[in-house]
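A short write-up of the structure that comes next.
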Amino acid sequence: MAESNFVDYVKICCRSGKGGRGSAHMHRAKYMPHGGPDGGDGGRGGHVYLRGNHNYWTLLHLRYERHVFAGHGGNGGKSRSTGADGEDRYIDVPCGTVVYNAETGEYLCDVSEDGQLVMLLKGGRGGLGNWNFRTATNQAPRYAQPGEPMRELTVIMELKLLADVGLVGFPNAGKSTLLSALSSARPKIAGYPFTTMEPSLGIVSYRNGQSFVMADIPGIIEGAAEGRGLGLRFLRHIERNSLLLFMVPGDTDDIRKEYEILLNEVGKFNPELLEKQRVLAVTKNDLLDDELQQMLSEDLPDDLPVIFISAVAQRGLTELKDILWKALNSESNKLQAITQQETIVHRNKDLSKLQQELVDMGEDEEIEFIDEEEIEDIEDIEELDDFEYEDGE
Ligand SMILES: Nc1nc2c(ncn2[C@@H]2O[C@H](COP(=O)(O)OP(=O)(O)OP(=O)(O)O)[C@@H](O)[C@H]2O)c(=O)[nH]1
Ligand SMILES: [Mg+2]
3 MAESNFVDYV KICCRSGKGG RGSAHMHRAK YMPHGGPDGG DGGRGGHVYL RGNHNYWTLL
63 HLRYERHVFA GHGGNGGKSR STGADGEDRY IDVPCGTVVY NAETGEYLCD VSEDGQLVML
123 LKGGRGGLGN WNFRTATNQA PRYAQPGEPM RELTVIMELK LLADVGLVGF PNAGKSTLLS
183 ALSSARPKIA GYPFTTMEPS LGIVSYRNGQ SFVMADIPGI IEGAAEGRGL GLRFLRHIER
243 NSLLLFMVPG DTDDIRKEYE ILLNEVGKFN PELLEKQRVL AVTKNDLLDD ELQQMLSEDL
303 PDDLPVIFIS AVAQRGLTEL KDILWKALNS ESNKLQAITQ QETIVHRNKD LSKLQQELVD
363 MGEDEEIEFI DEEEIEDIED IEELDDFEYE DGE
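Just so we're aligned: the sequence shown equals residues 3 to 395 in the working numbering.
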């Protein structure tokens, strides 16, 4: 697939800073033969944080930053001077980013709110200087602690768009047309399947200045849950929607059957999606006459609200918004529920499929952790494994 600006999957390497070593310095001054220990502590290594930032819509900016390394803590010095703390690093991610360990597939965290901070890797603690080790019996300790080593982690970040209503339909069902009729989003619309290659969001205004967010995703076809079409890649974007709006064109031979195929695909992808509220819109009803519409409405699924609409002729749109608004605000489905962690169940990634997934997403390249400067650092740590003995100046 051509390079696109909609990036919803990236793999990056993160590393916290190592702690600075404590100093074993002895105070020296004229006429003071026994100055005593005055070695300061090492500074702590920098942490790596994730930070929710609503100014980002995708993970595109991380494509160009595969390594995020925090700064190392400075070493302690004489006169009890403490080493500087290593620089912390903040990785800004759009709200709705889910993070996994790239090696084990384990779910790590979920950043869903603007400004939310999650510490991904803790920096190493700085070592204590010899000043801390002086006792009545050992007044001149000649050792100090090394700093704690750094921590490394490769993570997969996956974006799951946060929207209130997700549009689910076969290609050409009129999803993008509906989104552009209801919001100021302008997704591409054309009379061939798979026009929409990447999701887009639109804000739908409702009465009294209220609004909700609608997500248009690429069409789903039978077998999408097994990876046919573009389905699998984008189905995850509806995991975060509190309501699913199924869309089937009015000129379809068997509306009920098409709805069931869609439902089945959604359920196969993630059975929990079936617990979400659903509404069915029969689209393009400008192509139907009243008689035909009457006939069709006799054989429609009856376990969910159904409405006939036409985005092109602007028919049924206000009623549709009313139904959606009502469902979104019903007791069982408060709008704000989508930002609450407990409503979303995160599963670890299936390790046997992880490699294939990385290949599909074009993220299978190995990212090297170690460069030359770092090799030096690692030797440094080994050397420091024992307490360090250091003479003063
Ligand atoms: N007559 C009529 N045509 C419509 C209506 N809504 C959409 N269409 C047409 O149906 C075709 C497909 O519309 P899209 O909105 O691109 O469909 P989509 O579901 O987004 O399709 P994909 O992006 O391929 O999944 C276009 O040619 C639209 O002009 C409608 O209400 N009435
Ligand atoms: Mg579309």
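C-beta atoms are modelled at their ideal positions from N, C-alpha and C, and glycine is treated no differently.
Using C-beta distances below 6 angstroms, list every residue in its chain close to G131, excluding the 5 sequence neighbours before and after it, in chain order. Translated into positions along the sequence shown, residue 131 becomes position 129. Here G131 has G24, S25, G41, G42, D43, G78, A146 as same chain residues with Cβ atoms under 6 angstroms from its own Cβ, once five neighbours each way along the sequence are excluded.
Could you check the C-alpha separation between G221 and M249 for me, to the nearest Å? As a position in the sequence shown, residue 221 is number 219, starting the count at 1. As a position in the sequence shown, residue 249 is number 247, starting the count at 1. Taking the CA atoms as reference points, G221 sits about 10 angstroms from M249.
Does ligand 1 have even one heavy atom less than 6 angstroms from the beta-carbon of N55? What you label residue 55 is simply residue 53 of the sequence shown in a count that begins at 1. It does not: the Cβ of N55 is nowhere closer than 6 angstroms to a heavy atom of ligand 1.
Which residue's Cα is closest to the Cα of R47: R127, Y102, E228? Against the sequence shown, residue 47 aligns to sequence position 45. Just to set this straight, residue 47 is Gly in the shown sequence, not Arg. Comparing Cα-Cα distances from G47 to each of R127, Y102, E228, the minimum goes to R127.
Report all residues from its chain with a CB closer than 6 angstroms to the CB of K351; omit the five preceding and five following residues, and keep chain order. Counting from 1 along the sequence shown, the entry for residue 351 is found at position 349. Result list for K351: Y102, G107, in chain order.
K1 beta carbon near ligand 2 (any heavy atom closer than 6 angstroms): The structure shown does not extend to residue 1, since the chain is modelled only from 3 to 395, so the question has no answer here.
Short Cβ contact (7 angstroms threshold) for S18 with G125: For this step, residue 18 is matched to residue 16 along the sequence shown. For this step, residue 125 is matched to residue 123 along the sequence shown. In contact: S18 and G125 (Cβ atoms closer than 7 angstroms).
Mapping DSSP to helix, strand and coil, what is H69? In the sequence shown, counting from the first residue as 1, residue 69 sits at position 67. The DSSP-derived three-state label of H69 is strand.
State the DSSP-derived secondary structure class of Q279, mapped to helix, strand or coil. Counted from its first residue, the sequence shown places residue 279 at position 277. Judged by DSSP in its simplified three-state form, Q279 adopts strand.
Can you determine whether any heavy atom of ligand 1 sits closer than 6 angstroms to the C-beta of N243, and answer yes or no? In the sequence shown, the residue the question calls residue 243 occupies position 241. N243: no, Cβ never under 6 angstroms from ligand 1.
Residue burial classification, T320 (beta-carbon count within 10 angstroms, cutoff 16): Start at 1 with the first residue of the sequence shown, and residue 320 comes out as number 318. Exposed, by the Cβ-count rule.
Proximity of F310 and Q296 at Cβ, strictly below 7 angstroms: Mapped onto the sequence shown, residue 310 falls at position 308. Mapped onto the sequence shown, residue 296 falls at position 294. A distance of 7 angstroms or more separates the beta carbons of F310 and Q296.
Quick one: what's got a C-beta closer than 7 angstroms to P303's C-beta in the same chain, skipping five residues either side? Taking the first residue of the sequence shown as 1, we reach residue 303 at position 301. If we look at P303 and ignore the five residues flanking it on each side, its Cβ neighbours are R258, Y261, L282.
What would DSSP say about R258, mapped onto helix, strand or coil? Position 256 of the sequence shown, counting from 1, holds the residue named residue 258. Helix, per DSSP.
Any contact of the segment 66-78 with the segment 180-200, i.e. 3+ C-beta pairs under 8 angstroms? Contact fails: fewer than three Cβ-Cβ distances are below 8 angstroms.
Can you tell which of Q279, T254, E115 has the C-alpha that lies nearest to the C-alpha of L247? Counting from 1 along the sequence shown, the entry for residue 247 is found at position 245. Closest option to L247, judged by alpha-carbon separation, among Q279, T254, E115: Q279.
Within 6 angstroms: the Cβ of T198 and any heavy atom of ligand 2? Counting from one through the sequence shown, the residue named residue 198 turns up at place 196. Yes - ligand 2 has a heavy atom lying nearer than 6 angstroms to the Cβ of T198.
Let me check one thing: in DSSP terms, what residues is V308 bridge-paired to? Sequence index remark: in the sequence shown, residue 308 carries index 306 (1-based). Beta-bridge pairing links V308 to L282.
Thinking just about the alpha-carbon of each residue, which of L360, R53, S185, G318 is nearest to the one in S213? The count along the sequence shown starts at 1 and reaches residue 213 at position 211. Looking at the Cα atoms, S185 is the closest of the given residues.
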